[in-house]
């Protein structure tokens with residue numbers, strides 16, 4: 008089994024409640040937002056061992072949001088696979104077996120899978136909710152993770168969560184329709200974990216060079232305009248004051264790392 012190399016006692020996240028079953032305590036995740044409850048139900052129907060065997064990790068904004076008290080709405084289910092053989096197996100499974108390769112009933116698809124060298128994509132449906140599902144072929148950095156029994160998913164490691172968000176911010180922070188979500192997600196991670204792991208900065212910088220620092224500086228300058236930040240929070244269905252706190256945390260960390 009692949010495991011993450013993070014030594015933090017908080018890894019990967021700590022937001023469970025506990026359900027006693029037959030004298031045993033089983034961690035479960037509870038959610039306020041009905042959309043997140045449906046996504047959690049879909050994840051519990053996943054063929055988790057298949058994803059784990061192929062080193063395919065739950066990642067992205069929804070993974071962060073569901074583990075940090077649902078600070079914003081997030082409706083996409085994104086997995087990352089950096090393993091060439093693993094991606095080959097996952098791609099063939101999607102082509103040959105469709106949703107049944109990845110999920111048990113009653114999860115179904117609203118359209119056929121689309122597969123290429125970059126990823127595997129479809130739209131799932133469960134409880135009358137459409138869920139965009141994607142497995143991204145990650146070719147920029149190596150990835151690690153571990154199994155999270157509370158969500159029944161292989162979860163991307165915390166350092167790699169940070170690295171992926173640094174990369175995503177560099178890719179799309181200047182697209183206003185994205186609502187600066189990657190910077191806000193980074194800031195929310197920092198309100199919990201205080202510092203970006205050194206390995207995350209190294210991985211992201213090895214992939215994208217100085218553009219990591221440059222785009223962090225750009226988004227922080229842009230979000231000095233509090234009206235712009237609060238507009239983004241509204242788009243993301245997030246409390247405006249919490250968004251301000253998140254960007255303040257990112258600003259402090261950027262100053263520590265890059266004197267931005």
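In the numbering used here, the protein residues as written are 8 to 267.
By construction, the Cβ of each residue, glycine as well, lies at the ideal position given by its N, Cα and C atoms.
Owing to the predicted nature of the structure, the values given are computational and were not obtained by experimental measurement.
### Message
Tell me the rounded alpha-carbon separation between residue 136 and residue 232.
### Response
35 Å
### Message
Quick check: what's the CA-CA separation for residue 79 versus residue 123?
### Response
30 Å
### Task
List the endpoints of the continuous alpha helix (DSSP H) containing residue 44.
41-51
### Message
Cutting at 6 Å between CB atoms, please list the residues of its own chain near residue 140, excluding the five before and the five after it.
### Response
84, 129, 131
#### Entry: N- and C-terminal bounds of the beta strand (DSSP E) containing residue 83
83-88
### Message
To the nearest angstrom, how far is the alpha carbon of residue 174 from that of residue 211?
### Response
6 Å
### Query
Cα separation between residue 195 and residue 37?
19 Å
### Message
Please state the DSSP three-state secondary structure of residue 169.
### Response
helix
### Task
Answer yes or no: do residue 204 and residue 64 have a C-beta to C-beta separation smaller than 7 Å?
no
### Query
Is the Cβ-Cβ distance between residue 111 and residue 52 less than 7 Å?
yes
### Query
So, are the CB atoms of residue 89 and residue 150 less than 7 Å apart?
yes
### Task
Determine the DSSP secondary structure at residue 233, reduced to helix, strand or coil.
helix
### Query
To the nearest angstrom, how far is it from the Cα of residue 168 to the Cα of residue 66?
7 Å
### Query
Under a three-way DSSP split, which group does residue 80 fall into?
coil
### Message
Contact defined as beta carbons within less than 8 Å: I believe residue 99 pairs with residue 138. What is the distance between those atoms, to the nearest angstrom?
### Response
With a Cβ gap of about 22 Å, residue 99 and residue 138 do not count as contacting.
### Message
Taking only three categories from DSSP, how would you classify residue 242?
### Response
helix
#### Entry: Beta-carbon proximity list for residue 273, same chain, < 7 Å, skipping 5 on both sides
No answer is possible for residue 273: it lies beyond the span of the chain, which begins at 8 and ends at 267.
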